[in-house]
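Structure first, then comments.
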Amino acid sequence: MRFAIASIVLAAPFALASAAQAQGAETQPYAHAAIQSGDYALAERKLLAEQRIFPGKPEVLLNLAAIYTKTGRHAEARALYNRVLTLEAVKMDLVDGEVAASHLIAARGLNQLDGARQAAR
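Residue numbering for the sequence shown follows numbering that gives the first Met the number 0, beginning at 0 and increasing consecutively.
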């Protein structure tokens, strides 16, 4: 099972990382430390580098989608959330102790984007 380390904001998509990498900002994959500190530019650079190595890893795609959402690039975020939905669902432990499938997290991200779009009308 995969492990979600933190969430960007309460109702936002989750920043995901493996439980084995829960120590040391330099060794943490999925840009966890940069996301938590709000350094979205650094997080994006790290995630893009990881995506080149692991193009189908839900943790990478979901975190990158969350960064795109937080920085107003909704079309790019939507594409990544939809990509996660085409992959096999992976169970992930969330920071609050709950377990959610990668598909559920992607669907929540898409719902957040849809809600933002509706509010903008």
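We treat Cβ as the ideally placed atom computed from N, Cα and C, and that holds for glycine.
Under DSSP, the beta strand (DSSP E) around VAL98 begins and ends at which residues?
As a working mapping, residue 98 is identified with position 99 in the sequence shown. For VAL98, the uninterrupted beta strand (DSSP E) run begins and ends at 98 to 100, by DSSP.
Using the Cβ count rule (16 or more neighbours within 10 Å means buried), how would you classify VAL83?
The residue you call residue 83 lines up with position 84 of the sequence shown. It is buried - the Cβ of VAL83 has at least 16 other Cβ atoms within 10 Å.
Kindly indicate which three-state DSSP category LYS90 falls into: helix, strand or coil?
Locating residue 90 in the sequence shown gives position 91, counting from the first residue. Correct three-state label for LYS90: strand.
Could you please give the first and the last residue of the uninterrupted alpha helix (DSSP H) stretch that includes PRO54?
The residue given as residue 54 occupies position 55 in the sequence shown. Run containing PRO54: none; DSSP gives neither H nor E here.
Looking at C-alpha atoms only, which residue of ALA32, ASN62, LEU79 is the closest neighbour of LEU46?
For this step, residue 46 is matched to residue 47 along the sequence shown. Comparing Cα-Cα distances from LEU46 to each of ALA32, ASN62, LEU79, the minimum goes to ASN62.
What residue does the alpha helix (DSSP H) around ARG77 start on, and which one ends it?
Indexing the sequence shown from 1 puts residue 77 at position 78. Judged by DSSP secondary structure, ARG77 falls within the alpha helix (DSSP H) whose first and last residues are 73 to 85.
Which class does ASP38 belong to by DSSP, given the choice of helix, strand or coil?
The count along the sequence shown starts at 1 and reaches residue 38 at position 39. In this structure, ASP38 counts as coil in the three-state DSSP scheme.
Based on Cα-Cα distance, which residue from ALA88, ASN110, ASP95 lies nearest to SER101?
Counting from one through the sequence shown, the residue named residue 101 turns up at place 102. For SER101, the nearest C-alpha among the options comes from ALA88.
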